[in-house]
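Okay, so here's the structure we're looking at.
There are 2 protein chains.
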Amino acid sequence: MIGDTGEAGVRRRMPHARRREQLLQVALAEFGRRGYHLTQMEHVAAAARVSKALLYQHFSSKEELFAEVTEAIVGELTGRLNEAVLAAHGSADGIRAMIRVLFDYATAEPDAWALVVRHLDKPEVGLELRELRDRLGTAFADLLLRRRRADPALSQAALEVNEHRARLLVPLMYGSMLSMVSWWLEHPDTPRERAEQMAVEFIWLGLDRLRAGERLPRE
Amino acid sequence: MIGDTGEAGVRRRMPHARRREQLLQVALAEFGRRGYHLTQMEHVAAAARVSKALLYQHFSSKEELFAEVTEAIVGELTGRLNEAVLAAHGSADGIRAMIRVLFDYATAEPDAWALVVRHLDKPEVGLELRELRDRLGTAFADLLLRRRRADPALSQAALEVNEHRARLLVPLMYGSMLSMVSWWLEHPDTPRERAEQMAVEFIWLGLDRLRAGERLPRE
DNA sequence: CCGAAGTAACTGACTGGTCAGTTACTCTAG
DNA sequence: CTAGAGTAACTGACCAGTCAGTTACTTCGG
Chain A
481 MIGDTGEAGV RRRMPHARRR EQLLQVALAE FGRRGYHLTQ MEHVAAAARV
531 SKALLYQHFS SKEELFAEVT EAIVGELTGR LNEAVLAAHG SADGIRAMIR
581 VLFDYATAEP DAWALVVRHL DKPEVGLELR ELRDRLGTAF ADLLLRRRRA
631 DPALSQAALE VNEHRARLLV PLMYGSMLSM VSWWLEHPDT PRERAEQMAV
681 EFIWLGLDRL RAGERLPRE
Chain B
481 MIGDTGEAGV RRRMPHARRR EQLLQVALAE FGRRGYHLTQ MEHVAAAARV
531 SKALLYQHFS SKEELFAEVT EAIVGELTGR LNEAVLAAHG SADGIRAMIR
581 VLFDYATAEP DAWALVVRHL DKPEVGLELR ELRDRLGTAF ADLLLRRRRA
631 DPALSQAALE VNEHRARLLV PLMYGSMLSM VSWWLEHPDT PRERAEQMAV
681 EFIWLGLDRL RAGERLPRE
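Just so you know, the protein sequences line up as chains A and B, in that order. When you read off a place in the first sequence, starting at 1, and then add 480, the result is the number in this note's numbering. When you read off a place in the second sequence, starting at 1, and then add 480, the result is the number in this note's numbering.
Spelled out as structure tokens, the structure:
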């Protein structure tokens, strides 16, 4: 009870760095819930139990605040994905690992996830969140190609054809994963295990068969 | 100089209905390019070479205008998709048809397409564009299940298991299709034929193998 | 055919509210 | 007692929505 805590034991005065962290956290939640345009600096300040002016002592503009928030998310998520892919043994393994990372993240950080899917395709907010999409795309492509690049039996030309095909596969994998996670969040009655498994199988099978050169049969 | 044409022979005064159509068209373009929040009524009016006040004689609010625009898009697109699916013979055929519709639409109506992908996951604008996603989902599920529903050899129980699996497949198909179209729009050097074909094969193969009960092999 | 009366399309200039960003100040921990 | 954490109150720009009036077109009595 002694010291700088207000009622309910909430710390009122904080050192600069700690306050900054708290503000970022609160801003993430607000942006995630309402989206960029409907979130006012006032909202962020109020949610942090702080005045708007103080917020401006930490971040020079709304855009900067948003950029900082998204940067943290992008860094975190791509980091986890890369890690997962690197630890994986085969490509089925890699796919499962990536999907698991996405489900984990969406579950643990729903606001961050909402922010990501909401703003992924909007050029409007200065700092590009589309970057995330591209970085994810790169991670996917790497995963697809790692084994083949290491294969000495493949000629340079064959490898290039493969790269091109792989690049076309990226948006397909990418889109279906994100879409599945979003769908599952809105259908919590479906066991996560099933949703995850379905995604892994769908993507892996489509992928593997294509890699094997299988083609569409005429019906 | 005489009559109701301005310079360059552009008709200035129009009958109510025609003006309304023009305004909707212009609004679609503006919303598609800038997104809802960054589009001002002023912009729409200016693009139509008309005063803001006139715009308000046709649409009572910004939200209403937006709702009317999206409704038209949703109607058009779902109509085309249903038509395509109904005309298809098998499910591979149906998938190809749907993908073709999406590519056609995105090519022919880039602004409408931009509007759709941009606002698909935003609860913020009163009238739900998410409805489109759901309607599309329904169309997909129907496509997947049509044949099986008609199969008298399947028991009711087996059918229900299938329905459940099919519902899980919808977001996967849906997400990969939309994602592929968006990707292709940003990579115009890739021949549309290739992008389309890749999507068809990826989706159909994943689908077909799952239907056949194939499982993930251990690597 | 003509012109005045009527009407629908249209506009410029305004208002009220909102919100990013600022200023000038107070308070307290160390 | 002071630096820096904090705030209340303010400003200026912007923008959805309105209103009082103007202009182009139609109609109809003569």
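Every residue, glycine too, gets a C-beta built ideally from N, C-alpha and C.
Could you tell me which of the options sits nearest to residue i, measuring between CA atoms?
| i | options | result |
| --- | --- | --- |
| A:R529 | A:E589, A:M578 and A:M494 | A:M494 |
| A:L561 | A:A646, A:D622, A:T670 and A:E676 | A:D622 |
| B:R615 | B:Y536, B:L557, B:Q502 and B:A525 | B:L557 |
| A:V650 | A:A633, A:T550 and A:T618 | A:T618 |
| B:M700 | B:A497, B:L582 and B:E501 | A question about residue 700 of chain B goes unanswered here, because the residues of chain B that appear run from 481 up to 699. |
| A:A675 | B:R647, B:P671 and B:T670 | B:R647 |
| A:A552 | A:G574, A:Y536, A:L595 and A:M653 | A:L595 |
| A:H667 | B:A564, B:H644 and B:Y516 | B:H644 |
| B:R500 | B:L534, B:R626, B:E543 and B:A577 | B:L534 |
| B:A679 | B:Y516, B:E548, B:R492 and B:M657 | B:M657 |
| A:T550 | A:F620, A:G512, A:G655 and A:H523 | A:G512 |
| A:L503 | A:P632, A:A588, A:L634 and A:K532 | A:K532 |
Mapping the DSSP letters down to three states, classify residue i as helix, strand or coil.
| i | result |
| --- | --- |
| B:E508 | With the sequence shown as reference, residue 508 of chain B is identified as Leu, and Glu is not the correct amino acid for it. If DSSP states are grouped into helix, strand and coil, B:L508 belongs with the helices. |
| A:K532 | helix |
| A:Q520 | coil |
| A:T550 | helix |
| B:M660 | helix |
| B:G515 | coil |
| A:F682 | helix |
| B:L600 | coil |
| A:L618 | First, the amino acid is wrong: residue 618 of chain A is Thr here, not Leu. Correct three-state label for A:T618: helix. |
| A:M653 | helix |
| B:D591 | helix |
| A:H667 | coil |
| B:L634 | coil |
| B:A711 | Here chain B covers residues 481 to 699 and nothing more, so residue 711 of chain B does not appear. |
| B:R672 | helix |
| A:R613 | helix |
| A:R647 | helix |
| A:A568 | coil |
| A:R492 | coil |
What is the rounded straight-line gap between the Cα of residue i and the Cα of residue j?
| i | j | result |
| --- | --- | --- |
| A:E681 | B:E640 | 20 Å |
| A:A586 | A:L665 | 8 Å |
| B:D591 | B:A507 | 10 Å |
| B:A527 | B:K602 | 26 Å |
| A:L612 | A:R498 | 27 Å |
| B:M653 | A:R629 | 29 Å |
| A:A567 | A:I575 | 11 Å |
| A:H599 | A:L518 | 13 Å |
| A:V597 | A:T670 | 21 Å |
| A:Q520 | A:L545 | 12 Å |
| A:R492 | A:M578 | 40 Å |
| A:R610 | B:E510 | 21 Å |
| B:V431 | A:P632 | Shown here, chain B extends from 481 to 699; a query on residue 431 of chain B therefore has no answer. |
| B:S662 | B:W593 | 9 Å |
| A:A588 | B:I683 | 30 Å |
At what residues does the alpha helix (DSSP H) containing residue i begin and finish?
| i | result |
| --- | --- |
| B:G574 | S571 to A588 |
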